[in-house]
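Remarks on the structure that follows.
Numbering (our numbering), first residue to last: 536 to 649.
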């Protein structure tokens with residue numbers, strides 16, 4: 536479990552675990568001009584750490600709990616070795632879609648505030 540305000544994943548750093556939110560909500564943030572900007576919210580059934588699992592060195596977003604959150608966690612190294620290549624590819628594709636969606640939202644917000 537993670538408490539409200541707990542930072543689960545930090546933009547610019549590798550996520551050491553693959554996580555699935557079982558209950559609760561988290562904010563997804565990007566850093567822009569030295570400030571954090573909320574670009575979305577994720578909850579039950581959403582995955583965290585997919586970008587790192589997919590072979591990228593760092594995560595693009597910061598994820599912060601907005602309530603008490605129950606997480607299913609697996610060490611990233613274990614996830615890479617235990618998942619079949621087909622499942623890992625599907626998970627990576629899901630992560631890429633989520634990343635793209637959040638990036639479009641961040642770009643839209645950036646445009647709106649400029």
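Every residue gets a Cβ at the ideal spot worked out from N, C-alpha and C, and that includes glycine.
All figures in this text were calculated on a predicted structure; none of them were measured in a lab.
Could you give the distance in angstroms between the alpha-carbon of residue i and the alpha-carbon of residue j?
| i | j | result |
| --- | --- | --- |
| residue 575 | residue 540 | 15 Å |
| residue 547 | residue 557 | 25 Å |
| residue 510 | residue 637 | Beyond the ends of the chain as shown, which are 536 and 649, falls residue 510; an answer cannot be given. |
| residue 536 | residue 569 | 29 Å |
| residue 592 | residue 578 | 24 Å |
Pop quiz: residue i and residue j are said to be a contact at Cβ under 8 Å. What is the actual Cβ separation, rounded to whole angstroms?
| i | j | result |
| --- | --- | --- |
| residue 553 | residue 584 | 4 Å |
| residue 610 | residue 551 | 7 Å |
| residue 595 | residue 587 | Between residue 587 and residue 595 the Cβ distance is about 10 Å, and since that is not below 8 Å, they are no contact. |
Say whether chain C places a C-beta atom closer than 9 Å to the C-beta of residue i.
| i | result |
| --- | --- |
| residue 542 | This model lacks chain C altogether; it includes just one protein chain. |
According to the Cβ coordinates, are residue i and residue j closer than 9 Å?
| i | j | result |
| --- | --- | --- |
| residue 601 | residue 542 | no |
| residue 606 | residue 555 | yes |
| residue 681 | residue 572 | Residue 681 lies beyond the residue range present for the chain, which begins at 536 and ends at 649; the question has no answer from this structure. |
| residue 589 | residue 641 | no |
| residue 566 | residue 599 | no |
In the DSSP assignment, the beta strand (DSSP E) including residue i goes from what residue to what residue?
| i | result |
| --- | --- |
| residue 613 | That residue, residue 613, is in no beta strand (DSSP E); its alpha helix (DSSP H) goes 611–617. |
| residue 564 | 561–567 |
| residue 544 | 542–544 |
*Sequence ranges, alpha helix (DSSP H) only - wholly within the region 577–601, length at least 4*: Taking only runs of at least 4 residues, the alpha helix (DSSP H) segments lying wholly in the region 577–601 are 585–588.
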